[in-house]
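Asks:
Number of protein chains: 2
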Amino acid sequence: MPDTQSEIEALLERRIEACRDKDIDKLMSIFAAEIVYFDVVPPLRFVGHDAVRDNFLRWFAEYDGPIRLATREAMIAAEDDVAFAHMLHEDSGNRNRPNGRGFWLRSTSCLRRREVGWRIVHEHISLPIDFRTGQVLLDLEP
Amino acid sequence: MPDTQSEIEALLERRIEACRDKDIDKLMSIFAAEIVYFDVVPPLRFVGHDAVRDNFLRWFAEYDGPIRLATREAMIAAEDDVAFAHMLHEDSGNRNRPNGRGFWLRSTSCLRRREVGWRIVHEHISLPIDFRTGQVLLDLEP
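So the protein lines, in turn, are chains A and B. The numbering used here applies: residue 6 is where the first sequence begins, and numbers increase by one. The numbering used here applies: residue 6 is where the second sequence begins, and numbers increase by one.
1) For chain B, is any of its Cβ atoms less than 7 angstroms away from the one on TRP109/A?
2) ARG50/A: buried (16+ other C-beta within 10 angstroms of its C-beta) or exposed?
3) Note down, in chain order, every chain B residue with its Cβ under 8 angstroms from the Cβ of HIS127/A.
4) So is ASP85/A buried or exposed if we call it buried at 16+ other beta carbons inside 10 Å?
5) Alpha carbon to alpha carbon, how far is ARG106/A from SER11/B? Give it in angstroms, no decimals.
6) Could you tell me whether any Cβ in chain B is nearer than 7 angstroms to the Cβ of ASP8/A?
7) Closer than 7 angstroms, CB to CB, is LEU49/B near chain A or not?
8) LEU146/A by DSSP, collapsed to three states: which one?
9) Should ARG119/A be labelled buried (16 or more other beta-carbon atoms within 10 Å of its own) or exposed?
10) Please look up how many angstroms separate the CB atoms of ILE130/A and ILE35/A, rounded, as I've assumed it's under 8 angstroms.
11) Does any C-beta atom of chain B lie closer than 7 angstroms to the C-beta of GLY2/A?
12) Would LEU62/A be called buried (16 or more neighbouring beta carbons within 10 Å of its own) or exposed?
13) Kindly list, in the order they appear in chain B, the residues whose Cβ is closer than 8 angstroms to that of GLY139/A.
14) Applying a beta-carbon distance threshold of less than 7 angstroms, which residues of chain A neighbour PHE36/B?
15) Hey, is ILE72/A's beta-carbon within less than 7 angstroms of any beta-carbon in chain B?
16) From the DSSP output, in three-state form, read off SER112/B for me.
17) Cβ of LEU143/A within 7 angstroms of Cβ of PRO133/A?
18) What residue does the alpha helix (DSSP H) around ASP55/A start on, and which one ends it?
19) Of all the options ALA83/A, HIS91/A, ILE29/A, which has the alpha carbon lying nearest to the alpha carbon of ASP55/A?
20) GLY139/B to PHE108/A, Cα distance in whole Å?
21) On the DSSP letters alone, give me the boundaries of the alpha helix (DSSP H) that ASP30/A sits inside.
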């Protein structure tokens, strides 16, 4: 289903652009009202547009300038009204990391098609941890 | 589509049973050969049956006895041959945590229907972290 695939690709591209430009309205326009969001940071899940919006604004404020998310290993599956996509993102915005380097995130988006178009109803973003030390791992390469 | 929904529910139930019983063959039978797995632990992703199998065996070995995963807030979306599900799991197996308590994980499964039935082609399991300290957060409640 090449058309559906292209629609999802375009939505994911808008997501990257909206993060880069810190355009909160553009970013939120791709999420469903009932979004359930598992983010890198607590709580366990954000539920609903308002909670997710506030969390994105918090995230935007941590960067001095644009948020750059390079994408690698993206895979999309879509059928009729249900779709999912997963990928790796290199977050290389100007966040205050000690070594100034970017880091790789894992990203999964789950979508449903509504009358207004595709919307992300669930997203899961994470970093791996070292379970022995309890420390997040920011220096992993794909 | 209640039948599809029931099929996915049954598969997720088999997943929980296989973890509890540390039945690696039963567990692997629900994953597609090309599985891309984002786990709590490194690397960024495990690709393919063999890598995922080895990682599950490592995980099984960390528990003295059964692995108990309680499920909460499960949501399933399925259409024809594409489906996804997300939920919270309380991992309360007898792992050597200092306080002996369980902890809550976030879990996302993405599935495709094959001739042999539904298979998980992508799974994403994570814990939130405190970005200031870099420490994993094991004491969050839903």
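From the three backbone atoms N, C-alpha and C, an ideal C-beta is built for every residue, glycine too.
Replies: Put simply:
1) yes
2) buried
3) Proximity of chain B to HIS127/A at the Cβ level (cut-off 8 angstroms) is accounted for by MET80, PHE89, HIS91, THR113, in chain order.
4) exposed
5) 46 angstroms
6) Residue-level contact by beta carbon fails for ASP8/A and chain B, as no gap is shorter than 7 angstroms.
7) Residue contact with chain A for LEU49/B: present (Cβ-Cβ distance below 7 angstroms to some residue of chain A).
8) Position check: residue 146/A holds Glu in this sequence, whereas Leu was assumed. Coil at GLU146/A, not helix or strand.
9) With fewer than 16 other Cβ atoms within 10 Å, it is exposed.
10) The pair is not a contact, with the Cβ atoms about 15 angstroms apart (cut-off 8 angstroms).
11) No statement about residue 2/A is possible, as the shown extent of chain A runs from 6 to 147 and does not include it.
12) exposed
13) GLN140, VAL141, LEU143
14) Within 7 angstroms Cβ-Cβ: nothing; PHE36/B doesn't reach chain A, min ~14 angstroms.
15) no
16) strand
17) no
18) 54-66
19) Nearest option by C-alpha distance: ILE29/A.
20) 13 angstroms
21) 29-33
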